[in-house]
Amino acid sequence: MKVVKLPKSKVEEFLSSLQDFGEVIIPKEKTEHPGVYYFDVMENPSEMAWEYLRTIIPPKKYLHKPREVIFKFHKEQGYQEVIEDKETKRILFGLHPCDIHGIKILDVVFNRDYMDPYYYARRKNTVIIGLSCLPDEKCFCKSMNTDYVEDGFDLFLSDIGEDFLVAVGTSLGDDLVAERAHLFSEVEEEDRRKYLAFRKKRNESFRLELDISDLPYILDLEQKSPIWDELGKRCLTCGSCSMVCPTCYCFNVYDTLNLDAKSGQRIKQWDACLFKDYALVAGGHNFRENRAERVKNRYYHKQFRMVEQYGKPSCVGCGRCIDACPAGIDVVEVLTKVREGSYVTH
Amino acid sequence: MENIYQPLETEVLDVITETPTIKTLVLKPPRPIPFRAGQFMQLTVFGVGEAPFTPSSSPFHPETMEITILKAGRVTAAVHQLKPGDRIGLRGPFGKGYPIEKFAGKEILVVGGGVGLAPLRALLYALFHEAEKYQRISIKYGARNPAELSFRRQYAAWQKIPNVDFEYTVDRAEGDYRGKIGLVTNLLDNLDLNLNNAYAVSCGPEVMLKFVTLKLLSIGFKPEQIYLSMNRNMSCGMGICGRCNIGPYYLCKDGPDMNFADIQKYPDVFG
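Going down the list, the protein sequences come from chains A and B.
Count the first sequence with the numbering used here and you get residues -5 to 340, in order.
Count the second sequence with the numbering used here and you get residues 228 to 498, in order.
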């Protein structure tokens, strides 16, 4: 892999220059809530929150939109395709490895048996530029093997102090560097040592650990465990964990009619398997009526069924669900207790 | 690039009232939609929304498609308002359909309940197309009351097909009904068939599917000899949206007709 060096003194110039390519999305800090971060369109490179932790909503919101119009319909003209942001060229800048892994999972899900034209219209116009990070007490990407990325990015910036090492992941990334060659320099021996030192420091910074060895097997054995009922008593099934999850992709499709009663829109909108009406069918039968069944379904989808279907779990250890849960449910704690068989209600 | 979500505008040729709660739409798509028996379509009612239904017509006549629908919710209530000449949207087919190739030379036991006979009718047409290929086709059907017996005008013709026997029952008799009374599972008592060479296929309400399955198992059917139509609120049809999973399976993509051996261990099979 080609690696070049970008001095921090030139990084804002680099960021500004990316606007020539298209819309640049960066993590920003909420002025009214210090320490709370969100992805948004960059207006000025000084808005970039270099030391950010996880954002509230992951960058999937730019690819799999929270709510989008997928067709406009009219009684005479039928259903006409609408693909929002179809022509928008966009750079997702500053993504941490966990979020890049999240997008890698969505890339597979939305193009397995059928290609989702909405996701892919946006995906093919999206550039991903990653950024190294240091974990906090809710990060467990190291346990999920998502703490580093070898692909899935166009460029990846690693912080080595005065400079960033910039790994080039694609030919498009190579072009982005080549077009701005004056900003970059060669990597020197000292930089390599700094990078290894950074890696060591980062590896030693993880405080949260989850043992995922043979976890699908253990979950399969624990299908009827009382743990799920206990969890069902705590979980409010509010769906916050799904909304903030980089890999949750469930959605619903529905129509809304305009006031003229002749035209309207077909909407595709995020949904969550935790919601009470999720498995409700016409006639009133609900296939997962109680909360325990729904919360269990979410855990099994992430850690069991995804492994069966795609070969790896769909949890990237970003810690957002731990942060977002109003009932204080911690996925690491739950899965650890499943393994130990030691769950007790709080 | 073809958009898999795009509904194909389709004319309603006719609307047949099957029972007080069930109607059949006869549809004329602008181009034939080839499908396998058991595969389903996503049907759009203009301005109301989209819902999954399995055709009830013969896969050998894809130029017109019939879909038989029970009035049960929002979209189906709108379906029941449709008139000849109206236009609806179709996309699909989705799912795998019945593994009809496996049925050659076998005794096929088809067990339907209520509107569940609709998807099964597509299978029956496919089986009747080459009825001699199968050892025997036994159909057992139950409805709530005589008025709710779907496709009643066809029973006499079906009973005349060599290799085919057809029996039906109602939960409650009414009026001048003189046929069998009782649950459809009663028709599975004293079955005269070679269990080693049989498959059972069932479609109906969840509670009926459950008791039919238990009955079949108690008779001696092995789980891998039982196919069940598992239906959920499929929103995409492509194994993405996540509304229809049982264990690792997405019913829209891996079903909706599932081999019971594959799904029996998952607790939400019958809801």
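By construction, the Cβ of each residue, glycine as well, lies at the ideal position given by its N, Cα and C atoms.
Could you tell me whether the Cβ of residue i comes closer than 8 Å to any Cβ of chain B?
| i | result |
| --- | --- |
| residue 248 of chain A | yes |
| residue 276 of chain A | yes |
| residue 267 of chain A | yes |
| residue 273 of chain A | yes |
| residue 215 of chain A | no |
| residue 116 of chain A | no |
| residue 103 of chain A | yes |
| residue 187 of chain A | no |
| residue 244 of chain A | yes |
| residue 253 of chain A | no |
| residue 46 of chain A | no |
| residue 106 of chain A | yes |
| residue 285 of chain A | no |
Pull up the distance between the alpha-carbon of residue i and that of residue j, whole angstroms please.
| i | j | result |
| --- | --- | --- |
| residue 178 of chain A | residue 4 of chain A | 9 Å |
| residue 142 of chain A | residue 80 of chain A | 30 Å |
| residue 240 of chain A | residue 292 of chain A | 14 Å |
| residue 181 of chain A | residue -5 of chain A | 13 Å |
| residue 257 of chain A | residue 482 of chain B | 34 Å |
| residue 415 of chain A | residue 305 of chain B | For residue 415 of chain A there is no data in the structure shown, the boundaries of chain A being -5 and 340. |
| residue 320 of chain A | residue 63 of chain A | 30 Å |
| residue 152 of chain A | residue 303 of chain A | 33 Å |
| residue 61 of chain A | residue 416 of chain B | 52 Å |
| residue 328 of chain B | residue 373 of chain B | 34 Å |
| residue 346 of chain A | residue 125 of chain A | Here chain A has residues from -5 to 340 only, and residue 346 of chain A is not among them. |
| residue 237 of chain B | residue 335 of chain B | 34 Å |
| residue 185 of chain A | residue 193 of chain A | 12 Å |
| residue 286 of chain A | residue 213 of chain A | 15 Å |
| residue 170 of chain A | residue 284 of chain A | 51 Å |
| residue 238 of chain A | residue 101 of chain A | 18 Å |
| residue 243 of chain B | residue 293 of chain B | 10 Å |
| residue 339 of chain A | residue 379 of chain B | Since pLDDT at residue 339 of chain A reaches only 49, below the 50 mark, its modelled position is unreliable, and the value read off the structure follows with that caveat. Taking the straight line joining both Cα atoms gives about 56 Å. |
| residue 255 of chain A | residue 272 of chain A | 28 Å |
| residue 134 of chain A | residue 197 of chain A | 11 Å |
On the three-state DSSP scale, how would you describe residue i?
| i | result |
| --- | --- |
| residue 341 of chain A | Here chain A has residues from -5 to 340 only, and residue 341 of chain A is not among them. |
| residue 74 of chain A | strand |
| residue 339 of chain A | In this prediction, residue 339 of chain A scores a pLDDT of 49, lower than 50, which makes its location untrustworthy; no coordinate-derived value is stated. |
| residue 354 of chain B | helix |
| residue 253 of chain B | strand |
| residue 314 of chain B | strand |
| residue 423 of chain B | helix |
| residue 486 of chain B | strand |
| residue 21 of chain A | strand |
| residue 141 of chain A | coil |
| residue 303 of chain B | helix |
| residue 303 of chain A | helix |
| residue 235 of chain B | strand |
| residue 260 of chain B | coil |
| residue 89 of chain A | strand |
| residue 257 of chain A | strand |
Around the Cβ of residue i, are there at least 16 other Cβ atoms within 10 angstroms (buried) or fewer (exposed)?
| i | result |
| --- | --- |
| residue 165 of chain A | exposed |
| residue 356 of chain B | exposed |
| residue 117 of chain A | buried |
| residue 53 of chain A | buried |
| residue 288 of chain B | exposed |
| residue 187 of chain A | exposed |
| residue 419 of chain B | exposed |
| residue 27 of chain A | exposed |
| residue 346 of chain B | buried |
| residue 402 of chain B | exposed |
| residue 220 of chain A | exposed |
Using 8 Å as the limit for Cβ to Cβ distance, is residue i near chain A?
| i | result |
| --- | --- |
| residue 287 of chain B | no |
| residue 233 of chain B | yes |
| residue 430 of chain B | no |
| residue 316 of chain B | yes |
| residue 483 of chain B | no |
| residue 348 of chain B | no |
| residue 239 of chain B | no |
| residue 261 of chain B | no |
| residue 494 of chain B | yes |
| residue 372 of chain B | no |
| residue 375 of chain B | no |
Original post:
If you measure beta-carbon to beta-carbon, which residues of the segment 465 to 479 of chain B are closer than 8 Å to chain A?
Top reply: So the list reads 465, 466, 467, 468, 469, 470, 472, 474, 475, given in the order they occur along the chain.
Subject >> Residues within the segment 265 to 292 of chain B neighbouring chain A, beta-carbon criterion of under 8 Å >> reply: Of all residues in the segment 265 to 292 of chain B, those with a C-beta nearer than 8 Å to a C-beta of chain A are 271, 273, 274, 275, 276, 277, 278, reading in chain order.
Subject >> Positions along the segment 56 to 74 of chain A whose CB lies within less than 8 Å of some CB in chain B >> reply: 64, 65, 67, 69, 72, 73
Original post:
Which residues, in chain order, does the segment 298 to 313 of chain B contribute to contact with chain A at a C-beta distance below 8 Å?
Top reply: 299, 300, 301, 302, 303
Original post:
According to a CB-to-CB cut-off of less than 8 Å, which residues of the segment 299 to 315 of chain A neighbour chain B?
Top reply: From the segment 299 to 315 of chain A, only 299, 302, 303 have a Cβ closer than 8 Å to chain B.
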